[in-house]
Every structure is written in structure tokens, then in C-alpha cells.
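S.K.: My questions will all concern the structure given below.
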Amino acid sequence: MASQTVRPDGDRVRIGVVGCGVMGRNHARVLSEIAAADLVAIADPDLAAAAPIAAQLGTQAVADIEALIALGCEALVIAAPTHLHHTLATQAIERGIHVLIEKPIASNPEEGRDLVQKAARAGVTLMVGHVERFNQAVQTVKEAIRDEDILSIAITRVGPFPPRMSNVGVVIDLAVHDIDLIRWLTESDIVEVQPQLSNAVAEREDIALLQFRTASGVLAHINTNWLTPFKARHIHVATRDKYVIGDLITRQVTECSGYRPDGSYSMRHLPVGHTEPLRLELNSFLTALSSGTSPGVTGEEGVISLDIAMRCLAGSSTAPAVSDFASAKVRQAR
2 MASQTVRPDG DRVRIGVVGC GVMGRNHARV LSEIAAADLV AIADPDLAAA
52 APIAAQLGTQ AVADIEALIA LGCEALVIAA PTHLHHTLAT QAIERGIHVL
102 IEKPIASNPE EGRDLVQKAA RAGVTLMVGH VERFNQAVQT VKEAIRDEDI
152 LSIAITRVGP FPPRMSNVGV VIDLAVHDID LIRWLTESDI VEVQPQLSNA
202 VAEREDIALL QFRTASGVLA HINTNWLTPF KARHIHVATR DKYVIGDLIT
252 RQVTECSGYR PDGSYSMRHL PVGHTEPLRL ELNSFLTALS SGTSPGVTGE
302 EGVISLDIAM RCLAGSSTAP AVSDFASAKV RQAR
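By the numbering used here, the letter at position 315 of the sequence shown is numbered 316, and the numbering carries on one by one without gaps.
What follows is the structure, given as C-alpha cells:
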């Protein structure tokens with residue numbers, strides 16, 4: 002079902018941000034710079050924290066989502082704690098307001114499915130903020146392996162323990178990004194999950210080694226932890242004819258191909274754009290609103306990635322029956 006369009010005449014979309022944590026501040030900053038967006042206000046119950054941020058960006062701070070709705074917002078970015086996603090998104094969707102929800106879409110797949118169904122009934126756009134889809138190094142890797150016979154994918158996402166307090170471990174905080182990327186890069190569903198988890202220094206898992214098999218036969222591996230003293234974000238993709246390496250921090254992509262009997266091969270660095278991924282993500286959301294087309298990451302896709310992450314936490318070795326959403330074709334990020 003196509004969603005209703007917003008401001009097809011080219012006027013700016015009236016949009017608000019819920020939450021002034023790290024991601025909320027970043028969303029607000031970028032929206033204040035995008036010509037197609039009119040940043041109406043930032044909502045946070047801690048007005049003392051929100052007010053100086055809003056003032057710096059030339060907007061106002063309000064206490065809650067109801068105040069944003071009263072100000073006539075046509076769309077909202079929800080960057081509040083995960084356990085509030087379902088309640089806040091429901092308030093917006095039931096008023097006919099389009100929503101971009103930071104990953105994960107909700108606390109559990111059931112809440113996520115409920116939001117997808119509510120958005121479909123209301124005819125509004127629901128997008129999930131899997132920002133790595135919009136990292137141009139990732140997009141370059143995808144383009145390099147287009148139409149290739151993919152054999153394996155290995156993703157490393159490690160770093161130090163986060164300074165912020167969190168009620169989730171590395172699977173939901175970090176690996177869910179890469180679960181989404183595996184599905185997007187392979188354009189195939191994950192059908193087998195083999196997780197190894199450990200909590201070395203934290204209450205929840207701070208080490209995760211996750212192995213997957215997709216319906217198309219691709220073997221994939223995610224290595225993630227909060228024990229490495231520096232951040233590293235790498236993707237390695239092996240195809241029948243190529244080996245592609247992407248550094249998601251430096252945004253360098255290297256392609257190896259042309260293997261010869263003597264062991265030599267050709268190597269080249271691929272050109273990569275350097276637009277901020279969050280800007281591309283928000284532009285994708287705004288484009289979906291103005292055109293009525295599907296956003297870069299749909300609610301259905303967000304639910305599937307969360308469902309797989311929850312199976313990793315449960316220690317499931319094989320996938321359950323295919324979900325209602327699993328047959329949805331993975332769309333390319335804009």
C-alpha cells in the first residue's frame with residue numbers, strides 16, 4: 002500500500018525529533034541543514050538538556066510528542082530509548098504522522114509487527130534507521146558485487162565499551178546493523194543462525210560471534226564486541242570472481258579480481274562518496290514522503306533484522322518457519 006504524500010508542491014516537510022540523546026541530536030542537526038525539512042521542534046522530557054540544543058539549531062524544545070503533534074508536525078524522527086518506540090510511534094501513526102524510528106524498530110518483533118500493521122492501515126510511511134545502509138562504502142561494496150555469485154560475507158564491528166548506560170548488549174546495539182546488511186547485500190533471507198555469546202565484563206553479552214546461512218547459500222559471519230580499545234568496521238565479501246573489502250570508517254573499498262594460475266591478481270581501489278550517511282538516510286525518508294514510494298529501509302525489514310537478532314540471543318541454531326515479512330524483497334537504499 003503506497004503511503005500518502007507530504008508537500009508534493011515542494012514546500013518543506015514539517016518534522017520533529019523525539020529524544021535529544023546522541024542520535025536525536027545528530028538527526029536534529031542534519032534536519033536543520035536539509036532544505037526539504039522544516040525542523041519544528043525537539044521533544045524531550047529533560048527540557049534543560051533539549052533547550053540549548055534547540056536554540057543552537059534555530060528551533061524550539063518541547064516536553065513530549067503531544068506537543069510536537071500540536072505544532073503541526075507531518076513527520077517525526079523517534080530517537081528515544083528503545084522501550085518507548087512502540088508507544089511513541091503508535092501515538093504518531095494513529096494521528097496520520099509519518100515516522101522514522103531509530104533501530105531497532107521496537108523492543109521485540111511483536112511490537113514491530115504491530116507498528117507495521119498500524120502504519121499500513123493509517124497509510125503513513127514507516128522507516129527504520131539502519132544508517133549503515135547509507136554508508137557510501139557499503140553502497141560501493143554492494144555495487145561491486147552486483148550480479149556476482151556471492152560465496153561468503155564476514156563483518157567485523159568492534160570497539161570499546163560504550164560510555165552510555167545501555168539495557169542491551171552487542172547483538173542489539175551493534176550486530177543488528179550487520180544482520181540487516183547481510184540480507185541487503187545478498188538480497189536473500191537468513192535461514193540458519195549459529196550464535197556464540199559471552200559477557201566478559203558487562204552484565205549483558207559483550208562478545209558475539211554469529212554465523213549465518215542465507216536461503217541463497219551464502220555463509221556469513223559477524224564478529225562484534227565491546228572489548229577492543231579502538232573502533233573497527235570492516236566488510237569482506239568473497240564471490241566466485243572477486244574479493245571486496247570495505248572499511249566503513251575510512252570509507253575505503255578495495256576490489257581484488259583476475260586471479261591467475263601463478264597466484265597473482267589485480268587490485269584496485271574503488272571510488273567512494275563521502276556524504277554523511279545520516280544525511281542520505283534522512284533524504285531517503287523525505288523523498289519517500291514527497292513521492293509516496295517505499296523508504297530506504299521499510300518497517301518489515303526492520304522487524305526481520307530484529308527477529309534474527311532475538312534468535313541469536315535465544316541461541317537458536319535454525320530458523321523458524323518463514324515469517325509473513327520474510328518474502329518481502331529487500332529494496333536497495335536510495
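From the three backbone atoms N, C-alpha and C, an ideal C-beta is built for every residue, glycine too. This structure is a prediction, so every number in the text was calculated from the model and none was measured.
Just to confirm, are ILE154 and HIS222 a CB contact at a threshold of 9 Å?
M.R.: Yes, Cβ-Cβ distance for ILE154 and HIS222 is below 9 Å.
S.K.: According to DSSP, is ASP308 helix, strand or coil?
M.R.: DSSP places ASP308 in helix when its eight states are reduced to three.
S.K.: Out of LYS143, VAL219 and GLY20, point me to the one whose CA is closest to LEU271's CA.
M.R.: For LEU271, the nearest C-alpha among the options comes from LYS143.
S.K.: For the alpha helix (DSSP H) holding LYS143, just list the boundary residues, first then last.
M.R.: Counting along the chain, the alpha helix (DSSP H) containing LYS143 begins and ends at 137-145.
S.K.: In the structure shown, what three-state DSSP assignment does LEU186 receive?
M.R.: Residue state, collapsed to three classes: helix.
S.K.: Below 7 Å CB to CB, which residues in the same chain sit around ALA37 once its five sequence neighbours on both sides are set aside?
M.R.: Once the five neighbours on either side are set aside, the close Cβ partners of ALA37 are ARG13, VAL14 and LEU287.
S.K.: Report the three-state DSSP secondary structure of ALA64 (helix, strand or coil).
M.R.: ALA64 falls in the coil class under three-state DSSP.
S.K.: I'd like to check one pair, ALA55 with ALA64: are the Cβ atoms closer than 9 Å?
M.R.: No. Outside cutoff.
S.K.: With DSSP collapsed to three states, give me the class of GLU103.
M.R.: Strand, per DSSP.
S.K.: Where do the N-terminal and C-terminal ends of the alpha helix (DSSP H) with ARG26 fall, by residue?
M.R.: Counting along the chain, the alpha helix (DSSP H) containing ARG26 begins and ends at 23-34.
S.K.: Using the three-state DSSP reduction, which class does SER285 fall into: helix, strand or coil?
M.R.: In this structure, SER285 counts as helix in the three-state DSSP scheme.
S.K.: What's the C-alpha gap between GLN118 and LEU77?
M.R.: If I take the Cα positions, the gap works out to 18 Å.
S.K.: Looking at GLU256 and ARG241, is the spacing between their C-beta atoms short of 9 Å?
M.R.: Their beta carbons are not under 9 Å apart, which means ARG241 does not touch GLU256 by this criterion.
S.K.: In the DSSP output, which residue or residues are listed as bridge partners for ALA239?
M.R.: Looking at the DSSP assignment, ALA239 forms a beta bridge with SER153 and TYR244.
S.K.: Shortest alpha-carbon distance to ILE246 belongs to which of VAL139, GLY59 and ASP115?
M.R.: When each option's Cα is compared against that of ILE246, the closest is VAL139.
S.K.: Among LEU58, GLY59 and HIS87, which has the Cα closest to the Cα of ILE66?
M.R.: It is HIS87.
S.K.: So, using beta-carbon positions, are LYS1 and GLY160 closer together than 9 Å?
M.R.: Residue 1 lies beyond the stretch modelled for the chain, which goes from 2 to 335, so this question has no answer here.
S.K.: Using the beta-carbon count (16 or more within 10 Å), is ARG114 buried or exposed?
M.R.: The residue in question, ARG114, is buried, as its Cβ has 16 or more Cβ neighbours within 10 Å.
S.K.: Any idea what DSSP makes of THR215, helix, strand or coil?
M.R.: DSSP places THR215 in strand when its eight states are reduced to three.
S.K.: Tell me which residue opens and which closes the beta strand (DSSP E) that THR255 is part of.
M.R.: Segment 253-258, the beta strand (DSSP E) holding THR255.
S.K.: Does the distance from the CB of GLY20 to the CB of ALA49 come in under 9 Å?
M.R.: No, these two residues do not count as a Cβ contact at 9 Å.
S.K.: Applying the criterion that 16 or more other CB atoms from any shown protein chain within 10 Å of the CB defines a buried residue, is PRO296 buried or exposed?
M.R.: Looking at its Cβ environment, which holds 16 or more other Cβ atoms inside 10 Å, PRO296 is buried.
S.K.: Exposed or buried, what is ARG312 when buried is set at 16 or more other beta-carbons lying within 10 Å of its beta-carbon?
M.R.: Looking at its Cβ environment, which holds 16 or more other Cβ atoms inside 10 Å, ARG312 is buried.
S.K.: Alpha helix (DSSP H) containing PRO53: first to last residue?
M.R.: Run containing PRO53: 48-57, per the alpha helix (DSSP H) assignment.
S.K.: Please state whether DSSP places ARG122 in a helix, a strand or coil.
M.R.: Helix, per DSSP.
S.K.: Going by beta carbon distance, what residues of the same chain come within less than 7 Å of GLY97, once the five residues before and after it are set aside?
M.R.: Correct list, in chain order: ALA123 and VAL125.
S.K.: Would you kindly check if the distance between the Cβ of THR157 and the Cβ of VAL254 is under 9 Å?
M.R.: Contact flag unset, no.
S.K.: Please classify ARG134: does DSSP put it in a helix, a strand, or coil?
M.R.: ARG134: helix per DSSP, three-state reduction.
S.K.: Which whole-angstrom value is the C-beta distance of ILE191 and ALA310, which I expect to be below 8 Å?
M.R.: In fact, because the Cβ distance is near 10 Å, the residues do not count as touching under 8 Å.
S.K.: When we look at the beta-carbon of ALA315 and count the other beta-carbons within 10 Å, is it buried (16 or more) or exposed?
M.R.: So ALA315 counts as exposed.
S.K.: Just how far apart, CA to CA, sit ALA51 and ILE16?
M.R.: Using only the alpha carbons, I get a separation of about 16 Å.
S.K.: Would you mind working out which of ALA120, TYR244, SER199 and VAL298 sits nearest GLU149, comparing C-alpha positions?
M.R.: Looking at the Cα atoms, TYR244 is the closest of the given residues.
S.K.: Taking the alpha-carbon positions, what's the GLU34 to ARG261 distance?
M.R.: Between GLU34 and ARG261, the C-alpha separation is close to 50 Å.
S.K.: In this structure, how does DSSP classify LEU127 when only helix, strand and coil are distinguished?
M.R.: Residue state, collapsed to three classes: strand.
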